[in-house]
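Down below is the structure, laid out as structure tokens.
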Amino acid sequence: MSAIRNIVILTGAGISAESGIRTFRADDGLWEDHPVEQVATPEGFARDPGLVQRFYDQRRADIRAARPNAAHLALGRLDEAWGGNLLIVTQNIDDLHERGHARRVLHMHGEGLSAWCTACDMRHRWEGTLRDGPACPACCEKALRPDIVWFGEMPYQMERIYTAIAAADLFVSIGTSGAVYPAAGFVEQARRSGARTLELNLERSLGSMMFDETRLGPASELVPAFVVDLLRAP
Ligand code: NAD
Ligand code: APR
Numbered sequence: 001m002s003a004i005r006n007i008v009i010l011t012g013a014g015i016s017a018e019s020g021i022r023t024f025r026a027d028d029g030l031w032e033d034h035p036v037e038q039v040a041t042p043e044g045f046a047r048d049p050g051l052v053q054r055f056y057d058q059r060r061a062d063i064r065a066a067r068p069n070a071a072h073l074a075l076g077r078l079d080e081a082w083g084g085n086l087l088i089v090t091q092n093i094d095d096l097h098e099r100g101h102a103r104r105v106l107h108m109h110g111e112g113l114s115a116w117c118t119a120c121d122m123r124h125r126w127e128g129t130l131r132d133g134p135a136c137p138a139c140c141e142k143a144l145r146p147d148i149v150w151f152g153e154m155p156y157q158m159e160r161i162y163t164a165i166a167a168a169d170l171f172v173s174i175g176t177s178g179a180v181y182p183a184a185g186f187v188e189q190a191r192r193s194g195a196r197t198l199e200l201n202l203e204r205s206l207g208s209m210m211f212d213e214t215r216l217g218p219a220s221e222l223v224p225a226f227v228v229d230l231l232r233a234p
């Protein structure tokens, strides 16, 4: 690999699959049991807030029961070694990157262990449930919702993401189906920036043809090997 300085890594639900957190579009995926429109849109929340709060209460419990796997831990080691020129952009709402010791993590779809008060706009770390309508610790209003980017809402920190991709020498996509934009379009922006592009996934994604290289297999095997190679490279 040529001299690689700036790295952007995009992760999706697949990197957490081996930690026991269900992905979306597998046969037993999250959307099989819960039509997205009911639990992952502002309209669904307005229509039945109790259903949506219970859905994310369960996601929060799944996250807390999960442990980082070898892929998260390998990225934590890479973060430690690479420093400020690495950014992990995750579509996931779990905190397994952080528990895998990564520090430069950007959650573009929000965070499962965070609650957002729609009255005062404050965000709070939240490990419990929201189904019983607890009051916001800051303003005492009963206006807390999951701090998740639903369909029809703008993902977080897009400017920061595009700036990082524009400067990237290497763009790596791990465990995402490439089904949802804007994340699915990042590889195209990375190519335009002249970055080398690598996909690590269980199966070919919708965007595989855009990558210089696709390696197929479980993240818990592919990611540690990728990190060892990168840290060995001259
Ligand atoms: P979503 O992204 O899961 O929506 C799934 C599908 O709905 C998409 O493929 C899209 O084609 C379709 N869709 C398109 N337009 C739509 C619309 N207007 N309304 C409804 N569906 C539409 O929805 P989501 O809210 O982003 O997902 C729920 C959250 O759960 C996400 O933030 C996701 O990151 C999170 N999650 C995280 C993990 C993890 O942390 N490991 C695992 C699974 C899910
Ligand atoms: N190792 C590597 N990849 C895996 C593994 C694994 N062990 N298990 C599954 N995968 C791959 C699947 O092959 C699939 O391509 O991870 C991908 C998971 O795809 P999705 O279920 O669509 O999840 P994701 O790509 O994160 O979805 C993107 O869409 O549903 C919305 O907002 C939600 O953030 C989510 C976004």
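The sequence shown: position 11 = 11 (full-length UniProt numbering), numbered continuously. C-beta atoms are modelled at their ideal positions from N, C-alpha and C, and glycine is treated no differently. Nothing here was measured: the structure is a model prediction, and the numbers come from that model.
A164 burial status per 10 Å Cβ neighbour count (16 or more: buried)
Looking at its Cβ environment, which holds 16 or more other Cβ atoms inside 10 Å, A164 is buried.
Among the residues of its own chain, which have a CB less than 6 Å from the CB of A167, if the five just before and after it don't count?
Closer than 6 Å at the Cβ level, and outside the excluded window around A167, lie N6.
Starting from A61, follow its DSSP beta bridges and name the residues at the other end.
Under the DSSP definition of a beta bridge, A61 lacks any partner.
Verify whether the separation of the beta carbon atoms of A74 and I15 is less than 8 Å.
Going by beta carbons, A74 and I15 fall outside the 8 Å limit.
Spatial neighbours of M1 in its chain, beta-carbon cut-off 8 Å, leaving aside the 5 residues before and after:
Low local confidence applies: a pLDDT of 48 at M1 is under 50, so the model's placement there is unreliable, and no value is given.
Assess contact between the segment 45–63 and the segment 142–158, defined as three or more Cβ pairs (one per stretch) separated by less than 8 Å. Is contact present?
Yes, they touch.
The ligand APR heavy atoms versus the CB of S19: any closer than 7 Å?
In this structure, S19 has its CB at a distance of at least 7 Å from all heavy atoms of the ligand APR.
Chain-order list of residues whose beta-carbon lies under 7 Å from that of D28 (same chain, five-residue window excluded):
So the list reads R22, once near-sequence residues are dropped.
With the cut-off set at 8 Å, would you say L106 and Q189 are in Cβ contact?
The answer is no: Cβ separation not under 8 Å.
Contact under 8 Å by Cβ, R104 with D79:
The answer is yes: Cβ separation under 8 Å.
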